[in-house]
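Notes to accompany the following structure.
In the UniProt record's numbering, the protein residues as written are 1 to 289.
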């Protein structure tokens, strides 16, 4: 039997579009983030148990294609590993298929989201980034993982929670994971519907019909965003019309719960404080500019 990345992990938090790693900090240091809606809604406690912040069998893996965040993320990972936690970040994009994707650095656009790094902005500087097939990663590295020896009676069954925020590619990734059934390996997915998707009519039913057929057949997607809720309601009406005339696809059921939400309450929070020697190096670099 081949080894898997998540071997030894009872629970897994998969942060797709990790940015500065704040959601992993929600997991490992929740006491520092009292206003986090991600925490107040109990996503980690419900699936990982009440001791999620200290349980070494709760692991976190993150993907972030913006190389500007790599030093910060690696410093976070090293800090948490020194505390006995399994945390790893990968400087890769997560997509519907593996390969190389072109993203755009919005260096001069103060209004651009995701720290001036995203897709669909060809007027900005292109950056080629290696991408993994997210569904394949879930199936081959997380699902079927070897669990650690049980310590007493577990409070929750082994679970995978995924946060998906990839600045507009969520729908294509979802559809690919539905087709491969990788979506059914996840217990909870929190995802963001971007205003740009709505404006560009990316969420037209026919553009991602398999996704909406799967979602509305099995559940009513939860949301907390005033922008998202009306559009999801419209899509459900369209699904009901299509189902009435037999024009929707049938999918076998799975346990996955979807919640449309985005918690950026601590997006600008400082990360690991610089050590004295790092502060000295930082001042030296600035003095040479």
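Beta carbons: idealized from backbone N, C-alpha and C, even for Gly.
- Within the DSSP bridge table, the entry for residue 11 names 58 as partners.
- Burial is judged here by how many other beta carbons sit within 10 angstroms of a residue's own beta carbon; residue 31 has fewer than 16 and is exposed.
- For residue 262, DSSP assigns no beta-bridge partner whatsoever.
- A direct Cα-Cα distance of roughly 21 Å separates residue 189 from residue 29.
- Contact between the stretch 135 to 147 and the stretch 33 to 53 is absent, with fewer than three C-beta pairs closer than 8 Å.
- For residue 177, there is no enclosing beta strand (DSSP E); the enclosing alpha helix (DSSP H) has its first and last residue at 170 to 180.
- C-alpha of residue 206 to C-alpha of residue 258: approximately 20 Å in a straight line.
- A check of alpha carbon separations from residue 47 across 230, 261, 18, 256 identifies 256 as the nearest.
- For residue 130, the secondary structure class from DSSP, reduced to helix, strand or coil, is strand.
- The beta carbon of residue 98 lies closer than 8 Å to those of 131, 132, 133, 136 in the same chain, with the five residues before and after it left out.
- Residue 50 counts as exposed, since fewer than 16 other C-beta atoms from the protein chains shown sit within 10 angstroms of its C-beta.
- Per DSSP, residue 88 is one residue of the beta strand (DSSP E) stretching across 87 to 90.
- In the structure shown, residue 147 adopts coil according to DSSP, grouped into three states.
- For residue 100, the uninterrupted beta strand (DSSP E) segment begins and ends at 99 to 105.
- As computed with DSSP, residue 95 is found in a beta bridge with 133.
- The beta-carbon distance between residue 165 and residue 17, rounded to whole angstroms, is 4 Å. This is short enough to meet the 8 Å contact definition.
- If you draw a straight line from the Cα of residue 163 to the Cα of residue 65, it comes to about 15 Å.
- Listed as beta-bridge partners of residue 257 by DSSP are 188.
- Counting the other Cβ atoms within 10 Å of the Cβ of residue 73 gives 16 or more, which makes it buried.
- Rounded to the nearest whole angstrom, the CA to CA distance from residue 251 to residue 208 is 15 Å.
- The Cβ-Cβ distance between residue 139 and residue 185 falls below 8 Å.
- Closest option to residue 57, judged by alpha-carbon separation, among 71, 81, 63, 68: 81.
- For the 8 Å CB-CB criterion, residue 87 and residue 105 do not form a contact.
- Look at residue 5 here: in three-state DSSP terms it is coil, with no helix or strand label.
- Check the Cα spacing between residue 215 and each of 92, 157, 174, 53: the tightest is with 174.
- For a cut-off of 8 Å, the C-beta gap from residue 22 to residue 60 is around 12 Å, too long to register as a contact.
- Shown here, residue 25 sits in a helix according to DSSP, grouped into three states.
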